[in-house]
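*Asks:*
Protein chains: 4
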Amino acid sequence: MNEFDIEEYADPDLDDPILIEGLPGVGHVGKLAAEHLVEEFDGELVARLYSTHFPPQVSVENGRTTLASAAFHAVHIDGEEPTDLLVLTGDHQAGDGPGHYHLTDRLLDIAEEYGCERAFALGGVPTGELIEEYSVLGAATTDALIEELEGLGVEFREDEPAGGIVGVSGLVLGLGERRGLDAACLMGETSGYLVDPKSAQAVLDVLGDLLAFDVGYGSLADRAEEMEEVIAKMQEMEQGPTPSDDDLRYIG
Amino acid sequence: MNEFDIEEYADPDLDDPILIEGLPGVGHVGKLAAEHLVEEFDGELVARLYSTHFPPQVSVENGRTTLASAAFHAVHIDGEEPTDLLVLTGDHQAGDGPGHYHLTDRLLDIAEEYGCERAFALGGVPTGELIEEYSVLGAATTDALIEELEGLGVEFREDEPAGGIVGVSGLVLGLGERRGLDAACLMGETSGYLVDPKSAQAVLDVLGDLLAFDVGYGSLADRAEEMEEVIAKMQEMEQGPTPSDDDLRYIG
Amino acid sequence: MNEFDIEEYADPDLDDPILIEGLPGVGHVGKLAAEHLVEEFDGELVARLYSTHFPPQVSVENGRTTLASAAFHAVHIDGEEPTDLLVLTGDHQAGDGPGHYHLTDRLLDIAEEYGCERAFALGGVPTGELIEEYSVLGAATTDALIEELEGLGVEFREDEPAGGIVGVSGLVLGLGERRGLDAACLMGETSGYLVDPKSAQAVLDVLGDLLAFDVGYGSLADRAEEMEEVIAKMQEMEQGPTPSDDDLRYIG
Amino acid sequence: MNEFDIEEYADPDLDDPILIEGLPGVGHVGKLAAEHLVEEFDGELVARLYSTHFPPQVSVENGRTTLASAAFHAVHIDGEEPTDLLVLTGDHQAGDGPGHYHLTDRLLDIAEEYGCERAFALGGVPTGELIEEYSVLGAATTDALIEELEGLGVEFREDEPAGGIVGVSGLVLGLGERRGLDAACLMGETSGYLVDPKSAQAVLDVLGDLLAFDVGYGSLADRAEEMEEVIAKMQEMEQGPTPSDDDLRYIG
Chain W
919 MNEFDIEEYA DPDLDDPILI EGLPGVGHVG KLAAEHLVEE FDGELVARLY
969 STHFPPQVSV ENGRTTLASA AFHAVHIDGE EPTDLLVLTG DHQAGDGPGH
1019 YHLTDRLLDI AEEYGCERAF ALGGVPTGEL IEEYSVLGAA TTDALIEELE
1069 GLGVEFREDE PAGGIVGVSG LVLGLGERRG LDAACLMGET SGYLVDPKSA
1119 QAVLDVLGDL LAFDVGYGSL ADRAEEMEEV IAKMQEMEQG PTPSDDDLRY
1169 IG
Chain C
919 MNEFDIEEYA DPDLDDPILI EGLPGVGHVG KLAAEHLVEE FDGELVARLY
969 STHFPPQVSV ENGRTTLASA AFHAVHIDGE EPTDLLVLTG DHQAGDGPGH
1019 YHLTDRLLDI AEEYGCERAF ALGGVPTGEL IEEYSVLGAA TTDALIEELE
1069 GLGVEFREDE PAGGIVGVSG LVLGLGERRG LDAACLMGET SGYLVDPKSA
1119 QAVLDVLGDL LAFDVGYGSL ADRAEEMEEV IAKMQEMEQG PTPSDDDLRY
1169 IG
Chain P
919 MNEFDIEEYA DPDLDDPILI EGLPGVGHVG KLAAEHLVEE FDGELVARLY
969 STHFPPQVSV ENGRTTLASA AFHAVHIDGE EPTDLLVLTG DHQAGDGPGH
1019 YHLTDRLLDI AEEYGCERAF ALGGVPTGEL IEEYSVLGAA TTDALIEELE
1069 GLGVEFREDE PAGGIVGVSG LVLGLGERRG LDAACLMGET SGYLVDPKSA
1119 QAVLDVLGDL LAFDVGYGSL ADRAEEMEEV IAKMQEMEQG PTPSDDDLRY
1169 IG
Chain L
919 MNEFDIEEYA DPDLDDPILI EGLPGVGHVG KLAAEHLVEE FDGELVARLY
969 STHFPPQVSV ENGRTTLASA AFHAVHIDGE EPTDLLVLTG DHQAGDGPGH
1019 YHLTDRLLDI AEEYGCERAF ALGGVPTGEL IEEYSVLGAA TTDALIEELE
1069 GLGVEFREDE PAGGIVGVSG LVLGLGERRG LDAACLMGET SGYLVDPKSA
1119 QAVLDVLGDL LAFDVGYGSL ADRAEEMEEV IAKMQEMEQG PTPSDDDLRY
1169 IG
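Residue numbers (our numbering), protein chains in the order written: chain W, 919 to 1170; chain C, 919 to 1170; chain P, 919 to 1170; chain L, 919 to 1170.
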């Protein structure tokens, strides 16, 4: 196992693709939105990235295990004008700060290899309150992108998000800019307490307006509900017995 | 001291050996089961792996110190058909995420050198409740293994364990699969509060059925009791005085 | 992204410049003082250092993102005798111990390249009580510097600060000394609870006396207030919803 | 700054020297005992080891800063038969597990360069209760050493210390054994709540019996008291204001 191992499953023909990143985060808004894109537009799995920066973990579904990884799907959208996306999803971020830098750098390498020159990091921003109207907050690496997104109703506020943007999404912008990638982060407001399909819808609405495609939301609420159930089970598990010996937290 | 130092004690003649992993974890089920195999079948110590990924620690028994390590024992079982096992035991997992990857990778290197093409990671899965009937939960890298184990009563559930499998056991499957190793994890249900010999017995029953051997359990409860005592002492120790200076936690 | 990436914006003509370090710390005294110097004397941004040792984060201002970095500004002061400063500011320290060593080492490399042979690390020392008279506590790498600063009213106490000096400021002295750099740390007493402009003023008074320059403090209180507001927002944010899954803390 | 930088101050003529390690730990027993040896027998500072594995910190005494380091002193004892010691002291252990391995390995390299073939790690073992009779608990890498120390009243117990020996002391034995060094750990029982000069005296009594020297204890209580005061101040400091931003804990 190297620091990174990539497994390629397909060699898609992508025309000026746009990187869409949706890893786990506040309200799982970004992950939910990105996975919904893959499902709705029948995305094709093109590659998985394994890394020692992910948690040392396999997920289990119906008994089959999958090593922690990030997945790239190719998504072709036949909207008013055809749009190609390279959608990055997964169940994990990196385990520490330097790991985030190395991981995001490698993810951007891959996106570049597929020809991406623009990137949108999808995420949520916590308000701590129930949301009535789902605003989408923005941040970008260029003034042109800010202007374009402002025209679509994305809000840019003087000092928000106050703590900046942390993790892979933040670095898609921060490292992306240093590579010459035009990148923006679209953050749906969300209470922060639950997997939030309405916030994901607000984010996808902006993306659809920008890239001229329509996406149905019929299955989005169901997807959020399933995700919520899995998270609830994981939390239940985690709040179960916790023996004092550190090693004991491993199912090993 | 390199990242890994291996010390070899014997050069056993192993015929198509199967790797059995039992490091510390929930209820110490895996460790208890693996150590029991070594004891009952007079396993021979063949190698120890030292690593900077283990805690910086020696254990002490009757005054003699042993540096943190993982041990490989060769176990020959004369059952209906002879079976050779390479049993991996120890007192520690790695100290952080990347360490788990590097450590498991090295452990699998060694298992490969001894000719292992199949692996069983033994462990426990916490239920948080007292157990009446000890089910064994499974996870595997191939559908064929799932089918074989299902036939022996191992349960495979849609979303369990919900949090996946973490630590060396998880990576024996996750990294093992990427090397072409057929691997399964057998997880005995356990409350999670105590060293659980009954859960270990349930796991060993499955393994014995699968590999066609019988193992006596006479000494298993005693072994669990001893392990419980040591853990209790360690906890007592750890819950003793804790001066505020970080350095003070070292017995140094 | 390498461990360090430097971006240079200007090639200033500096005459025997003095390194002034003011990264975040107790009461943000050092950061406030250093940023005030840059503002009051129209400092010129000469370089930014990016590093995997900084948090994986972009800050956002009016929607534009900036990758975590440390900034060097050239400051020319036409006092009784002209003085050149190389002022180091930023929003972050390193994420762990070895990172602090590597980061400070690289920062001192850069300071050396610009010709710095002396350094002052600015900071605060917490008293836990409201301050009436703002003393400045000192520490230095040479007896000559201690004597010089004592003459200006800086206090050197037998065992203070009791915990030593931690982080970049401490290493500017510790690593600086090993490179032959004359270095001192000026620590303004501060309650530790708030961004403290009066403590920053006390530190700058000493520095102005030493280097023979005058600095106006008109805008210092405003700057402290702004900083306070940003920090308050960040804390509010951080004290918002905190889902139990570790990954969720990422706005991602 | 490399991972390790060594600064040598003297080239002592040591005859078959014995390494004595006394870094911070439970009750500061080991550190107190080792520093007492250096003071009582006029030890000569021969080398300091700096390392990125130490905390990023300078200590301050009367305004002069010292970078975190470990110190080696040569100690000549003219007892019944002359004994040479190489005494290792310092204010810190390493910051993480792998750091402990690398640090101890380098410390043992240095000890070997000075010709040490035996080592005694001094420390305390917490009982959590006030001690009336100060027993010394032992652990060693060879049966011969155990026997020798048992003859001097050192106690070797079946399962103690239950948690093993952690940190540099543990690795002086664990890594030392792998290098062919004969090593023992002498652990004075101590409540664990205070710097404990009586426990240090018990440890030194054993060492003096073993190596045939006498050491006066007149100043030991004073030394413990001073150490206690410094630690109390550090704790006071640490329990002072703790702003929520992580960076703020740095005096920077």
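Just so you know, even glycine gets a beta-carbon here, dropped at the ideal spot from N, CA and C.
Contact criterion: CB-CB distance below 8 Å. Does L/D1114 meet it with respect to chain C?
*Replies:* Not a single C-beta of chain C is nearer than 8 Å to the C-beta of L/D1114.
*Asks:* Hey, out of W/T1001, W/T1045, W/I995, whose CA is closest to W/L1112's CA?
*Replies:* W/T1045
*Asks:* Look at P/T983 and W/A1058 and say whether their C-beta atoms are less than 8 Å apart.
*Replies:* yes
*Asks:* Going along chain W, which residues have a C-beta under 8 Å from C/T1059?
*Replies:* The contacting residues are R982, T983.
*Asks:* To the nearest angstrom, report how far apart C/E1035 and C/Q1153 are at their CA atoms.
*Replies:* 38 Å
*Asks:* Can the beta-carbon of W/A952 be found closer than 8 Å to that of W/I938?
*Replies:* yes
*Asks:* Please go through the same chain and pick out, in chain order, the residues whose beta-carbon is closer than 8 Å to the beta-carbon of C/L1004, but skip the five residues on each side of it.
*Replies:* L932, P935, I936, L937, I938, V964, F990, H991, A992, V993, A1029, Y1032, C1034
*Asks:* For C/M919, which three-state DSSP category applies?
*Replies:* coil
*Asks:* If distances are taken between C-alpha atoms only, which option among C/Q1011, C/E1047, C/G943, C/T970 comes closest to C/N920?
*Replies:* Of the candidates C/Q1011, C/E1047, C/G943, C/T970, the one whose C-alpha sits nearest the C-alpha of C/N920 is C/T970.
*Asks:* Have a look at L/E1068, L/K949, L/G1088, L/E1047 and flag the residue whose alpha-carbon is nearest the alpha-carbon of L/H1018.
*Replies:* The shortest Cα separation from L/H1018 among L/E1068, L/K949, L/G1088, L/E1047 belongs to L/G1088.
*Asks:* Please classify W/A1150 as buried or exposed, where buried requires at least 16 other C-beta atoms within 10 Å of its C-beta.
*Replies:* exposed
*Asks:* If I follow the unbroken alpha helix (DSSP H) through C/T1022, where does it start and stop?
*Replies:* 1015-1031
*Asks:* Please determine, among C/I924, C/T1022, C/H954, the residue with the shortest C-alpha to C-alpha distance to C/D1132.
*Replies:* C/H954
*Asks:* Looking only at DSSP bridge pairs, what is C/P935 linked to?
*Replies:* Note: C/P935 sits in no beta bridge, so no partner.
*Asks:* Does DSSP classify P/I1049 as helix, strand or coil?
*Replies:* coil
*Asks:* Can a CB atom of chain L be found closer than 8 Å to the CB of P/F922?
*Replies:* no
*Asks:* What residue does the alpha helix (DSSP H) around C/V956 start on, and which one ends it?
*Replies:* Start and end: 947-958.
*Asks:* Which residue or residues does DSSP assign as beta-bridge partners of W/P1000?
*Replies:* W/D996
*Asks:* Go through its chain and collect everything with a Cβ distance to P/R1097's Cβ below 8 Å, but skip five positions before and after it.
*Replies:* L1026, E1030
*Asks:* Would you say L/L1091 faces chain C, with C-beta separation under 8 Å as the test?
*Replies:* yes
*Asks:* Tell me the rounded alpha-carbon separation between P/V1072 and P/A1142.
*Replies:* 23 Å
*Asks:* Does the beta carbon of C/R1036 come closer than 8 Å to any beta carbon on chain W?
*Replies:* no
*Asks:* Using a cut-off of 9 Å between C-beta atoms, extract the partners of C/E1107 located in chain W.
*Replies:* None at all; the shortest Cβ gap to chain W is about 11 Å.
*Asks:* May I have the straight-line CA-CA distance separating P/Q1119 from W/L950, to the nearest angstrom?
*Replies:* 50 Å
*Asks:* With distances taken between CB atoms, is the gap from C/A1102 to C/L1055 smaller than 8 Å?
*Replies:* no
*Asks:* Does any CB atom of chain L fall closer than 8 Å to the CB of C/H1020?
*Replies:* no
*Asks:* Using a Cβ cut-off of 8 Å (strictly closer), state whether C/P973 contacts chain L.
*Replies:* yes
*Asks:* Residues of chain P with CB closer than 9 Å to the CB of W/I1064, please, in chain order.
*Replies:* N980, G981, R982
*Asks:* Could you compute how far the alpha carbon of W/E962 sits from the alpha carbon of W/V956?
*Replies:* 8 Å
*Asks:* By the criterion of Cβ-Cβ separation under 9 Å, what are the contact partners of C/D1077 in chain W?
*Replies:* V978, E979, N980, E1147, V1148, K1151
*Asks:* Can you pull the chain W residues whose beta carbon is under 8 Å from the beta carbon of P/G1013, in chain order?
*Replies:* D1014, G1015, P1016
*Asks:* Could you check what DSSP says for L/S1109 in three-state terms: helix, strand or coil?
*Replies:* coil
*Asks:* Taking the beta carbon of P/E1050 as the centre, do at least 16 other beta carbons fall within 10 Å, making it buried, or is it exposed?
*Replies:* exposed
*Asks:* Thinking C-alpha only, which one of L/H1010, L/G940, L/N980, L/E998 is nearest L/P974?
*Replies:* L/H1010
*Asks:* So which residues on chain P does L/T1001 lean against when the C-beta distance must stay under 8 Å?
*Replies:* Those do not exist, as L/T1001 stays about 34 Å from chain P at its closest Cβ, beyond 8 Å.
*Asks:* Return the Cβ separation of P/D1140 and P/G945 in integer angstroms, given the expectation that the two are a contact with Cβ distance under 8 Å.
*Replies:* About 17 Å separates the CB atoms of P/D1140 and P/G945; that is not less than 8 Å, and the two are not in contact.
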